[in-house]
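**Student:** In the numbering used here, the protein residues as written are 1035 to 1683. What follows is a single structure, and I will ask about it in a moment.
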Amino acid sequence: MDIAIEVVALVAVVAAGAALARRLGISAPLLLVVVGIAASYLPFVPQIELSHEVVLIGFLPPLLYSAAIRTSLVDFSKHRRSIGLLSVGLVAFTTLGVGLVAYWLLGAAARSQGMEPLPLWAAFALGAVVAPPDAVAATAIAKKVGLPRRVVTILEGESLVNDATALVCLRTAIAAAGATVAASAGHGGEEGASDSPTVASVALDFLIAAGGGVAIGLVVAIVLAKIRKRVTDPVLDTTLSLTAPFIAYVAAEEVHASGVLSVVVTGLLLGHKAPIIQSAASRISERTNWRTFQFLLENTVFLLIGLQTRWILDDVSESPLSAGTIAIATIGVYLAVVLLRPLWVFPTTYLSRMILGRSRPGPVSWQSLAVVSWAGMRGVVTLAAAFVLPEETPHREVLVLIALVVTAGTLLVQGSTLPWLVRRMRLPGPDPAEDALQEAAVLQGAHKAAEDVLNEVITPDDPPEVVDLLRQRGESRALAAWERLGRPESESETPSEAYRRLRMKMLAAERAHILKIRDEGLIPDEVLQRAQVALDIEESILDRAEADDVGGQSENLTVPADINAPCDHLATAPCVLTPKTPEGCEECLRDGATWVHLRLCLECGHVGCCDSSPERHASKHFEETGHPVMRSFEPGETWRWCFVDEKLG
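Put into structure tokens, the structure is as follows:
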């Protein structure tokens, strides 16, 4: 019962802390770390000591997997050079740099005080412990501050892979400790000394671990994909999804490969193939369950980081090293962790461009590099890796304290100042209006593809009213996306908004009727449950549409030139043209009709209403004249549309 009460209390604090963080507009990880530190000193809070097995097997695989299935494999591949430089090169660089700093600070101090110095292998082990930034911290804070998607992708990709590099480095350092002890004890003589790791052996160990992890992850993904393709029950499919990270991790670790890389590869591939191997119901179920699972795990992790503070400090109080020595070493390592990152990021980025040429996405600005350099928050993997250090490691309690300070310090200092730095660098975050514009273009193309298929498969025997209904339903989705642009919230609602408002009232009445029948007990509950599920599905679609609304246009809305394939009509059409009737749609003004949004023909200056408007004069103008390109005539919008090629520019 005591354990059950502690677990319930932990979850309750996590939920309350996350809710409070949202209400205050601050990052939940930062608040939960502070809450954990404060709670560790409360007399009624039990001492909670994390073990590395719990973190590396219980927390790490599902957290990595939940991030991997939401990461675009296409974007990950596109930024592989930047991700590789950070996840492999920077981790190795940090391991060496921090190791030398720790060896110098703690080793010299211990010798001067007549104590056992910090071995070189232990210093490098500490470097490996504090080297990898955390996937959860990077994602939670980076998305909170509205970073450009490219920067978020690079940080997520780095955080997914760098744990593997760090754990291999840590394993190598601990192996060096075993070889050193064996050699010094005379258990092997020259043979023990020859077993000491070299640069070549470390590189070979990393290649074997990485290659094995990738291979096993690929096999697990293929096997699970074949199984899940035949599973139609969303509950069973979600169950398989929840076990996938543990299968991939354990399978790789059993053969001494990288379980981290195995989980990441499995998650990337299954997420990429999800639209093919899963039904829509399974994808919705998986997405909902993983969001809940991830929320609980990641926020629990940050609370647990803070809860380690008291017992770690109690252990350090028994260290033979002086408090001043410990403080200097801790601050020195923290500063090394912070400074080594920009010392690697800036030179290697520019050198890679000079040697390998520009990467496919194009160069990263120095402002983005500054943000990447500062976004090196550590997480629970750093603490867990510190607990892996052998008990007989000299000054182990100090090394664990350093890991805690680096973790909490980077979360609190870098995490709290990152929003300020993003604003200072003036990095533009994702533009919701531009996102809506691109979504509208995608849905327009999807609707056109669906209409082409419908025209091929319909027969004279198909009821015309059914065919018309199919066309209207497909078209309404695309029109709803277009309607999200061009009008501030203060103006009249669009047809889709009016439909959503009225339909929600109808659904409420339908649900009230079903509940009335349920309370009367006249119809089996199973029948009523199926009816309620149908209403819930429709309401969830309407809720999603309302949550995704832009709620007004963005100033100076522009669209990237390469958003679609090149179009000759867009290339030759002017960007602006004097409108014939700047006050509104020419035909609607003449006939006294109303419009939703306005479009400007870039060949003759005709102003017409959009397809969400009752009369659709913009499309009718194209049908009558063949003028291919129109432009939005709404304030602040600069996008254009080619009717012929159905391209956005």
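Ideal Cβ positions, reconstructed from N, Cα and C, are used throughout, including at glycine.
Pairing CB atoms from the segment 1478-1491 with CB atoms from the segment 1199-1208, are three or more of them under 8 Å?
**Tutor:** no
**Student:** At the level of alpha carbons, what is the spacing between Arg1430 and Leu1417?
**Tutor:** Cα to Cα, Arg1430 sits roughly 13 Å from Leu1417.
**Student:** Under the rule that 16 or more other beta-carbon atoms within 10 Å means buried, what is Ala1038, buried or exposed?
**Tutor:** exposed
**Student:** Rounding to the nearest angstrom, what Cα-Cα distance links Leu1189 and Leu1556 in this structure?
**Tutor:** 57 Å
**Student:** What are the complete alpha helix (DSSP H) segments, minimum 4 residues, inside the segment 1079-1142?
**Tutor:** 1094-1103, 1107-1112 and 1114-1118
**Student:** Would you call the segment 1366-1376 and the segment 1100-1118 touching, i.e. three or more CB-CB distances under 8 Å?
**Tutor:** no
**Student:** With the cut-off set at 7 Å, would you say Arg1518 and Ala1470 are in Cβ contact?
**Tutor:** yes
**Student:** What three-state label does DSSP hand Lys1307 in the structure shown?
**Tutor:** helix
**Student:** CA-CA distance, Leu1303 and Ser1313?
**Tutor:** Taking the straight line joining both Cα atoms gives about 16 Å.
**Student:** Check Met1675 in the structure and name its three-state DSSP category.
**Tutor:** The question names Met, but residue 1675 in the sequence shown is Trp. Strand.
**Student:** Alpha carbon to alpha carbon, how far is Leu1373 from Thr1451? Give it in angstroms, no decimals.
**Tutor:** Their backbone Cα atoms lie some 16 Å apart in a straight line.
**Student:** Do you know offhand how far Phe1677's Cα is from Glu1649's?
**Tutor:** 17 Å
**Student:** Exposed or buried, His1651, counting other C-beta atoms within 10 Å across all chains shown (16 or more means buried)?
**Tutor:** His1651 should be labelled buried.
**Student:** How about Ile1548 and Leu1562: are their beta carbons less than 7 Å apart?
**Tutor:** A contact, by the Cβ cut-off of 7 Å.
**Student:** Could you check if Tyr1099 is buried or exposed, using at least 16 other CB atoms within 10 Å of its CB as the buried criterion?
**Tutor:** buried
**Student:** Can you have a look at His1113 and say buried or exposed, based on whether 16 or more other CB atoms are within 10 angstroms of its CB?
**Tutor:** buried
**Student:** How long is the line joining the alpha carbons of Leu1591 and Ala1165, rounded to whole angstroms?
**Tutor:** Its pLDDT being 47, under 50, Leu1591 is placed unreliably in this model, and the value from its coordinates should be taken loosely. Looking at the two C-alpha atoms, the distance is approximately 40 Å.
**Student:** Within the chosen definition, does the segment 1342-1358 reach the segment 1432-1442 through at least 3 CB pairs nearer than 8 Å?
**Tutor:** Three or more pairs of CB atoms, one per stretch, sit closer than 8 Å, so the segment 1342-1358 contacts the segment 1432-1442.
**Student:** Check the C-beta distance from Leu1066 over to Gly1413 and give it rounded, since I have them as a contact under 8 Å.
**Tutor:** The beta carbons of Leu1066 and Gly1413 sit about 12 Å from each other, so the pair does not count as a contact at 8 Å.
**Student:** Considering only the beta carbon of each residue, do Val1125 and Ala1234 sit closer than 7 Å?
**Tutor:** For the 7 Å CB-CB criterion, Val1125 and Ala1234 do not form a contact.
**Student:** Under 7 Å, do Leu1259 and Ile1318 count as touching if we go by C-beta distance?
**Tutor:** Just to set this straight, residue 1259 is Ala in the shown sequence, not Leu. Not in contact: Ala1259 and Ile1318 (Cβ atoms no closer than 7 Å).
**Student:** Measuring alpha carbon to alpha carbon, tell me which residue in Trp1400, Ile1575, Ala1546 and Glu1554 is nearest Gln1566.
**Tutor:** Ala1546
**Student:** Please report the residue range of the alpha helix (DSSP H) in which Gly1070 lies.
**Tutor:** Ala1062 to Ala1073
**Student:** Between Phe1078, Pro1095, Val1079 and Pro1080, which lies nearest to His1086 when the distance is taken from Cα to Cα?
**Tutor:** Pro1095
**Student:** Would you kindly work out how many angstroms separate the C-alpha atoms of Ile1250 and Val1195, rounded to a whole number?
**Tutor:** Whole-angstrom Cα-Cα distance: 15 Å.
**Student:** Any contact between the segment 1133-1143 and the segment 1377-1387? By contact I mean 3 or more CB pairs, one from each, below 8 Å.
**Tutor:** no
**Student:** For Thr1612, which residues of its own chain have a beta-carbon under 8 Å away from its beta-carbon, when the five flanking residues on both sides are left out?
**Tutor:** Its chain contains Gly1639 as the residues whose beta carbon lies nearer than 8 Å to that of Thr1612, once the 5 sequence neighbours on both sides are disregarded; these appear in chain order.
**Student:** Which one of Val1299, Val1088 and Ser1574 has the shortest CA to CA distance from Gly1103?
**Tutor:** Correcting the residue identity first, residue 1103 is Ile in this sequence and not Gly. Ile1103 has its Cα closest to that of Val1299, out of Val1299, Val1088 and Ser1574.
**Student:** Which stretch, first to last residue, makes up the beta strand (DSSP E) that contains Leu1270?
**Tutor:** The continuous stretches of beta strand (DSSP E) do not include Leu1270, which lies in the alpha helix (DSSP H) extending over residues Pro1268 to Glu1288.
**Student:** What first and last residue would you give for the beta strand (DSSP E) that runs through Val1663?
**Tutor:** Val1663 to Ser1666
**Student:** Pop quiz: Ser1275 and Ala1285 are said to be a contact at Cβ under 8 Å. What is the actual Cβ separation, rounded to whole angstroms?
**Tutor:** Not a contact, Cβ separation roughly 16 Å.
**Student:** Is it right to say Thr1334 is buried, meaning 16 or more other beta carbons lie within 10 angstroms of its own, or is it exposed?
**Tutor:** buried
**Student:** Alpha carbon to alpha carbon, how far is Arg1674 from Val1487?
**Tutor:** 27 Å
**Student:** Between which residues of its own chain and Leu1181 is the CB-CB distance below 7 Å, once the five residues before and five after are set aside?
**Tutor:** Val1405, Val1456, Leu1461 and Gly1463
**Student:** With distances taken between CB atoms, is the gap from Leu1477 to Ala1515 smaller than 7 Å?
**Tutor:** Contact: yes.
**Student:** What three-state label does DSSP hand Arg1511 in the structure shown?
**Tutor:** helix
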